[in-house]
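J.: Can you keep this structure in mind? I'll have questions shortly.
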Amino acid sequence: MPFVKRDESGAIVAVCQQRDEYFSEEIENDDIQLKSFMYQLTQQQGLMGETDLGFIRVVEDLIDVLIAKNYIRFTDLPSEAQAKVRIRQTLRNKVTGQLDLLSDEDEGFF
Numbered sequence: 222m223p224f225v226k227r228d229e230s231g232a233i234v235a236v237c238q239q240r241d242e243y244f245s246e247e248i249e250n251d252d253i254q255l256k257s258f259m260y261q262l263t264q265q266q267g268l269m270g271e272t273d274l275g276f277i278r279v280v281e282d283l284i285d286v287l288i289a290k291n292y293i294r295f296t297d298l299p300s301e302a303q304a305k306v307r308i309r310q311t312l313r314n315k316v317t318g319q320l321d322l323l324s325d326e327d328e329g330f331f
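Sequential numbering of the sequence shown, starting at 222, is according to this note's numbering.
Right under this line is the structure:
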């Protein structure tokens, strides 16, 4: 059974699988307050994940701008970051290429 930490008002603020000085209250797995806390935590993590996806695109664009304006060089990035940027660029180019139904040379339908 889990152990919980509560705030001054008695609300659960953290959960741990082991008892220690901060987590001394043992609680049943099916306790309604524990379920509510876990549900709220899951909802918050879901929102973080959703915003992370948009933020990743912002970081990619920021890197592109910094390199284009010669504020940084691609090689200034750590090798792990370079590899990740290359992978993202490759994936983005594949997706963009698949969705580019009209190239610059196309004159349209008319």
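Note that beta-carbon positions come from the ideal geometry of N, C-alpha and C, so glycine has one too.
Taking the continuous alpha helix (DSSP H) assigned at Lys256, which residues delimit it?
T.: Taken as a continuous stretch (DSSP letters only), the alpha helix (DSSP H) holding Lys256 covers Ile253 to Ala289.
J.: Tell me the rounded alpha-carbon separation between Glu281 and Glu246.
T.: Approximately 45 angstroms, taken between the alpha carbons.
J.: Which same chain residues end up closer than 7 angstroms to Gln303 when comparing Cβ atoms and leaving out the 5 residues on each side of it in sequence?
T.: If we look at Gln303 and ignore the five residues flanking it on each side, its Cβ neighbours are Phe295.
J.: Closest by CA to Arg313, which one among Ile277, Glu301 and Gln265?
T.: Nearest option by C-alpha distance: Ile277.
J.: In the DSSP assignment, the beta strand (DSSP E) including Arg294 goes from what residue to what residue?
T.: Element bounds for Arg294: n/a, residue is neither H nor E.
J.: State the start and end residues of the unbroken beta strand (DSSP E) segment that holds Phe224.
T.: Unbroken beta strand (DSSP E) run through Phe224: Phe224 to Arg227.
J.: Kindly list the residues whose CB is nearer than 6 angstroms to the CB of Phe258, restricted to its own chain and excluding five residues on each side of it in sequence; keep chain order.
T.: Same-chain partners within the cutoff: Ile233.
J.: If you run the structure through DSSP and keep just helix, strand and coil, what is Glu247?
T.: The answer is strand: DSSP assigns Glu247 an E or B state.
J.: Let me make sure I understand the geometry here. Which of Gly267, Glu229, Leu255 and Asp228 has the alpha-carbon closest to that of Met222?
T.: Here the closest residue by C-alpha is Leu255.
J.: How should Val225 be labelled, buried or exposed, when 16 other C-beta atoms within 10 angstroms of its C-beta is the threshold for buried?
T.: Flag for Val225 reads buried.
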